[in-house]
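Structure record follows, encoded as structure tokens.
Residue numbers (my numbering): 22 to 214.
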């Protein structure tokens, strides 16, 4: 019963970490905007995201990332640099959901959030690097637009239907594991030649 009581908070923390692995700036902007517009009541430690300066900075970076992510190879450079941003952002956002729950819970949320953000980020980086080997840009644009759409959908789902979000997360992680396996198999074949 205790887990069921905290399921909405766990889903939101997981969604923030998961989304940060794909689009950290968009997560910060969307959550801050939703709080500022009164669509959701943010936990106290996330209310900073609705400050106009944070909204302006995260909105600007969301726009920059939107365009950078559509250009093959530039997206891979962007992703490499953002390995140092997305993972800590996922950890910090997940921890902030539980900021009032005590140090141990907050630290556990940060550890798990950072791990989830890192896993998702590495899946994104590997998938996009594989897609970039294709000479046409359509697959890159499709993957990028899919990420643009799935992040706000995942955040919404975590708030409105926490169990639905966990199903989406499991499907996403299973697909990421399958893609990672295929990429690893391709790398081994190339190395064998």
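Beta carbons: idealized from backbone N, C-alpha and C, even for Gly.
Residue span of the alpha helix (DSSP H) that contains residue i, given as start and end
i, result
"residue 142", "124-152"
"residue 155", "First-last for residue 155: undefined, no H or E at that position."
"residue 99", "95-102"
"residue 86", "73-89"
Counted within 10 angstroms of its Cβ, other Cβ atoms place residue i as buried (16 or more) or exposed
i, result
"residue 124", "exposed"
"residue 209", "exposed"
"residue 121", "exposed"
"residue 174", "exposed"
"residue 142", "buried"
"residue 116", "buried"
"residue 104", "exposed"
"residue 140", "buried"
"residue 156", "exposed"
"residue 39", "buried"
"residue 31", "buried"
"residue 74", "exposed"
"residue 77", "exposed"
Close Cβ partners of residue i (< 7 Å) along its chain, the five nearest in sequence each way excluded
i, result
"residue 151", "204"
"residue 107", "41, 42, 45, 138, 142"
"residue 61", "55, 180"
Close Cβ partners of residue i (< 8 Å) along its chain, the five nearest in sequence each way excluded
i, result
"residue 94", "153"
6 Å Cβ shell around residue i - same chain, five flanking residues per side excluded
i, result
"residue 22", "Low per-residue confidence applies at residue 22: pLDDT is 47, beneath 50, and the placement is therefore not dependable, though the value from the model is reported in the following sentence. Around residue 22: no qualifying Cβ."
"residue 46", "79, 82, 83, 86"
"residue 171", "none"
"residue 90", "96, 165"
Q.
At 4 residues or longer, what runs of the alpha helix (DSSP H) sit wholly inside the region 26-75?
A. none
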